[in-house]
Amino acid sequence: EAGVAQSPRYKIIEKRQSVAFWCNPISGHATLYWYQQILGQGPKLLIQFQNNGVVDDSQLPKDRFSAERLKGVDSTLKIQPAKLEDSAVYLCASSSYLVFTDTQYFGPGTRLTVL
Amino acid sequence: QQQVKQSPQSLIVQKGGISIINCAYENTAFDYFPWYQQFPGKGPALLIAIRPDVSEKKEGRFTISFNKSAKQFSLHIMDSQPGDSATYFCAATLNTGFQKLVFGTGTRLLVSP
C-alpha cells in the first residue's frame, strides 16, 4: 500500500512570498489532515477534511493560510503572504476513519524555510 | 485544557536499558491515547495506543501504562536499542464527532551503543 505523498520536500522562500504544498493521501482514505510542526514541538492540527468538506479549521490562520481538497482526494495548502514564523515542517496525514480509533498515517512532510 | 504535557524533553539511555517517557493531560474528554515515533526527515508513525479503560498495554518491547485517576500515561521501552533512537510524541484524541489529535511536545531519545 502506497503511503501519503507530499511535495515538494523542501522549499525556501522570502517573507511576503506565497507558497503551496501538495498532498496525495492513501487511496480510499476519507479524512485528510494538515499539521504544522515547528522545530522542537509536536505537530499542531491546521485543518481537517472529511471527503472534500472542512470539519475543523479552528487553528488555521485564515488571513494567510488556505487549503482545499478537490474531489475528496488530493489537497493543497497555501500560504500567502508568508511570514518568518511560518518556517516549519508541514505534514499531511490521512485516515480511513471507519472507526474513531483509526490510525492517522503521515507523509514525510514539506520543510519550509522563510527568509 | 487541550494540552498534553510531555517529559523529559530529551533522554539518553544505554543499549539494553529501559527508556521511560511521561505524559499528563487535563481534559477528561480525551478518550484515546496513541504514541507516535518520528525519525529525522520522516513523518510520525503510530507506535502503540491505549484506551482509558485499560491500565496497561504491551506490544513487544513497548508498554503503555495508564493512570486514569492521575490523568497520566507513560511509555516504557524495554531493552532499548540504538535503532529506537528517535523522537517520541504522546498524543490524546478528542472524539468531537471527528478524531482530533493533540500532541505532546516530544522526547528525543538517544540510545547509546
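Just so you know, the protein sequences line up as chains A and B, in that order.
Quick note, the first sequence lines up with residues 1 to 115 if you use my numbering.
Quick note, the second sequence lines up with residues 1001 to 1113 if you use my numbering.
C-beta: ideal position from N, C-alpha, C; glycine also.
Is it buried or exposed, residue i, if we count other Cβ atoms within 10 angstroms and call 16 or more buried?
i, result
"tyrosine 105(A)", "buried"
"aspartate 56(A)", "buried"
"tyrosine 35(A)", "buried"
"tyrosine 10(A)", "exposed"
"aspartate 86(A)", "buried"
Could you tell me how far apart the beta carbons of residue i and residue j are, in whole angstroms, since I believe they sit closer than 8 angstroms?
i, j, result
"glycine 107(A)", "leucine 91(A)", "6 angstroms"
"isoleucine 1077(B)", "serine 1010(B)", "The Cβ separation is near 15 angstroms, so there is no contact."
"isoleucine 12(A)", "leucine 115(A)", "7 angstroms"
"serine 1074(B)", "asparagine 1027(B)", "Going by Cβ atoms, the distance from serine 1074(B) to asparagine 1027(B) rounds to 18 angstroms, so no, they are not a contact pair."
"threonine 1093(B)", "tyrosine 1032(B)", "4 angstroms"
Does the beta carbon of residue i sit closer than 8 angstroms to a beta carbon anywhere in chain B?
i, result
"valine 73(A)", "no"
"phenylalanine 100(A)", "yes"
"tyrosine 97(A)", "yes"
Under 8 angstroms between C-beta atoms, does residue i make it to chain A?
i, result
"alanine 1045(B)", "yes"
"threonine 1105(B)", "yes"
"glycine 1041(B)", "yes"
"phenylalanine 997(B)", "With chain B covering 1001 to 1113 only, the question about residue 997(B) has no answer from this structure."
"alanine 1024(B)", "no"
"asparagine 1027(B)", "no"
"leucine 1101(B)", "yes"
"alanine 1086(B)", "no"
"asparagine 1095(B)", "yes"
Opposite residue i in the DSSP bridges: which residues?
i, result
"phenylalanine 1089(B)", "Tyr1036(B)"
"serine 95(A)", "Thr31(A)"
"alanine 1049(B)", "Pro1034(B)"
Inset, instruction - Would you list, in sequence order, the uninterrupted beta strand (DSSP E) runs of no fewer than 3 residues that lie entirely inside the region 9-68 of chain A? - result: Unbroken beta strand (DSSP E) stretches of 3 residues or longer found wholly inside the region 9-68 of chain A: 10-13, 19-24, 31-37, 44-50, 53-56, 65-68, given in chain order.
Inset, instruction - Only counting runs of 3 or more residues, tell me where the beta strand (DSSP E) segments fall wholly within the region 1001-1034 of chain B, in order along the chain. - result: Runs of the beta strand (DSSP E) inside the region 1001-1034 of chain B: 1004-1007, 1010-1014, 1019-1025.
Legend entry - Segments assigned alpha helix (DSSP H), at least 4 residues, entirely inside the region 1054-1113 of chain B: DSSP assignment within the region 1054-1113 of chain B yields no whole alpha helix (DSSP H) run of 4 residues or more.
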